[in-house]
């Protein structure tokens, strides 16, 4: 039980929240300050990749199958059906989030965490297993 709690705390604590801005803010900056958008996307990407690495480490070090099952449950939430192609460019990730915000004005008031997940999982979904 302690291992499950430790894995859950590790996964929950790792995620830096990308909620400083909402979609309206970033949509505006896509048109007026692309450098800010670039930095913000880079921060989200770093956080996403870090979280993915933590999940992989938690899966590898889980002491038993029950703990691994719990880790995999959290992993699905963290990975959010986003599978970036090996050849995707950073510029593409910026273009995708800006286009997503441009194409979805009714959702722009939501936090950027959800915007990133929606945009990138639509653009680069993982292949069904």
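Residue numbers (mature numbering (1 follows the signal peptide of the UniProt record, and there is no 0)): -18 to -1, 1 to 111. Note that CB positions come from ideal geometry on N, CA and C, so glycine has one too.
Here residue 44 is near residue 53, since their CB atoms are less than 8 Å apart.
For residue 105, the enclosing alpha helix (DSSP H) starts and ends at 94 to 105. The closest CA to that of residue 5, considering only 106, 101 and 47, is found on 101. If you check the CB distance, residue 12 and residue 80 come in under 8 Å. In this structure, 77 is the residue among 88, 77, 90 and 89 with its C-alpha nearest to the C-alpha of residue 105. Residue state for residue 4 is assigned as strand, using DSSP reduced to three classes.
Remark: C-beta atoms of residue 99 and residue 90 do not approach each other more closely than 8 Å.
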